[in-house]
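Okay, so here's the structure we're looking at.
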Amino acid sequence: MSINLKLYLLNTALPEMRLGAGSPRMPQAGHKSHTNSLTIMSESSRKLHGIYQMRSDIYEETVATWIERNIPETPVEIKDKYSGYRLTVPDYQAIMPVSFRSPSSTAEISALLEQLPLATAQRALHAAYPETKTFRFVRSVEADIDEQIFQHFEWKDARQSNSSARLIVAVQPPWVLSPQDLKSFSECPTVPLNKTRRSFALVSKHRLWSKMWDLCARKDCRYFVLTTFHGWVFGAFSEGWTTAYVSPIINWHDAEISSALQSLVHWTASAMGIPGGWSTPQMYETVRDLGTRPVVPAPYRTKISHARSESSSDGEDDASGHPQSYQVHPQLQAANIRRWAESTQAYSSTQTYSTQLYPPTPPSPTGSTGSNWSETTARGRANADATYRGDWVTMPPVGRRAAAY
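In the UniProt record's numbering, the protein residues as written are 1 to 405.
Following this line, the structure appears as structure tokens:
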């Protein structure tokens, strides 16, 4: 049986994931879990200085335009007759829902992700881009001391045992990474710099960012996804590993624009470097950062106990044990951002394809007028000098305590 792949992606949302009877209790709405006890500490070699969040309307336009231009409307087979891989997320017309066990552990949530969104995104990319047919989402079997609350998949060439990952999909259960915790992660402006070379405890959102940075840097894979199945964040690190860019949170039931499934297909294609996909903008980074592989802390082998506070809702986090006051890295001070925006705008005017702030504009395919992207480009240039004020991205506050974020 065949299906119009573009209409399928535009009209299909993930099914509801109901937690099993044996799963831990979810935090109250608007509250954090205080149970995300990842084994991670501050490290002087970790160099994530700034984190930017794409504006929702810009992100939606980016994904919708890519789907419109790059996913075919010609019928494709639901199931590949050679590999056996198929579209599995139900559209309740050509693809009917299948029963699955309500998960009560991280491993069971990972299995559900593998069965539904990952399998569907994989089949969609294979159908739209046959050159990707050797790539698979592979669940990691590496030893991880945090495997009870953190697991991941790698998008890689299955023909080669030592192939590099192009995309990391990290999974945490929603009773550990609650909606409020995921919001805190996506809106986190920076991770404290450890200039003293002494390890100090981190709060939950900083531990999770540190875990993601370590994992991606160790795999030399700049693109990542963080999901609980209920919520999704799509992100990437800059070439020098000093800066991260993240999408707004995408909920599992979103179906009209930038659904989780659309975003997953788009982000996987972008990680592959497929023409028209999203790429990280040029950012001020030192030659040393750009020219050397990051020094990644060795995987932790011993669990770390983290103090827990009684704080509950927005703006508060679990106790770090050692509250830290810190300044944002100087390159992210507002004046420097303003100069960077101005220099980027001047540089862009000399290029065939402009170096956009966030998001960059992919060149229009041959034969396409690209009017929508042209409007985006014009808007980006007109607002380049306003970027430092946070009109396009969430900018890190300067000189505030970490606990205030």
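In this text, a Cβ means the ideal position worked out from N, Cα and C, and glycines have one as well.
Being a predicted model, the structure only gives us computed values, none of them experimental.
Taking residue i as the reference, give the member of the options with the closest Cα.
| i | options | result |
| --- | --- | --- |
| residue 206 | 250, 39 and 144 | 39 |
| residue 30 | 179, 72 and 108 | 179 |
| residue 112 | 229, 303 and 247 | 229 |
| residue 479 | 17, 304 and 1 | Residue numbering for the chain in the displayed model covers 1 to 405; residue 479 lies beyond these limits and cannot be assessed. |
| residue 302 | 211, 258, 144 and 175 | 144 |
| residue 103 | 22, 78, 304 and 263 | 22 |
| residue 7 | 288, 261 and 283 | 261 |
| residue 163 | 122, 219, 176 and 57 | 219 |
| residue 286 | 240, 231 and 297 | 240 |
| residue 74 | 192, 3 and 231 | 3 |
| residue 122 | 79, 99 and 223 | 79 |
| residue 265 | 231, 243 and 127 | 127 |
| residue 174 | 141, 32 and 159 | 32 |
| residue 15 | 159, 289 and 90 | 90 |
| residue 56 | 297, 290 and 251 | 251 |
| residue 298 | 243, 213, 26 and 153 | 213 |
State the CB to CB distance for the pair residue i and residue j, rounded to an integer number of angstroms; the pair is presumed to be in contact (CB under 8 Å).
| i | j | result |
| --- | --- | --- |
| residue 42 | residue 194 | 4 Å |
| residue 176 | residue 149 | 5 Å |
Using a Cβ-Cβ cutoff of less than 8 Å, which residues in the same chain neighbour residue i once the five nearest sequence positions on both sides are dropped?
| i | result |
| --- | --- |
| residue 295 | 45 |
Note down the Cα distance separating residue i from residue j, rounded to an integer number of angstroms.
| i | j | result |
| --- | --- | --- |
| residue 13 | residue 268 | 18 Å |
| residue 115 | residue 137 | 11 Å |
| residue 171 | residue 1 | 32 Å |
| residue 202 | residue 300 | 15 Å |
| residue 76 | residue 129 | 12 Å |
| residue 106 | residue 93 | 31 Å |
| residue 275 | residue 82 | 26 Å |
| residue 95 | residue 168 | 27 Å |
| residue 9 | residue 304 | 42 Å |
| residue 410 | residue 61 | Limits of the chain in this structure are 1 at one end and 405 at the other, which puts residue 410 out of reach. |
| residue 225 | residue 188 | 16 Å |
| residue 140 | residue 147 | 10 Å |
For residue i, which residues from the same chain have a beta carbon less than 6 Å from its beta carbon, with the 5 sequence-adjacent residues on both sides left out?
| i | result |
| --- | --- |
| residue 166 | 155, 271 and 272 |
| residue 246 | 53, 186, 233 and 235 |
| residue 238 | 280 and 283 |
| residue 88 | 116, 119 and 120 |
| residue 277 | 269 and 270 |
| residue 153 | 137, 139 and 169 |
| residue 184 | 205 |
Residues in its own chain within less than 7 Å of residue i by CB, not counting five upstream and five downstream?
| i | result |
| --- | --- |
| residue 59 | 247, 248 and 258 |
| residue 211 | 38, 40 and 150 |
| residue 71 | 5, 6, 9 and 128 |
#### Entry: Stretch pair the region 122–137 + the region 45–58: three plus CB contacts closer than 8 Å
no
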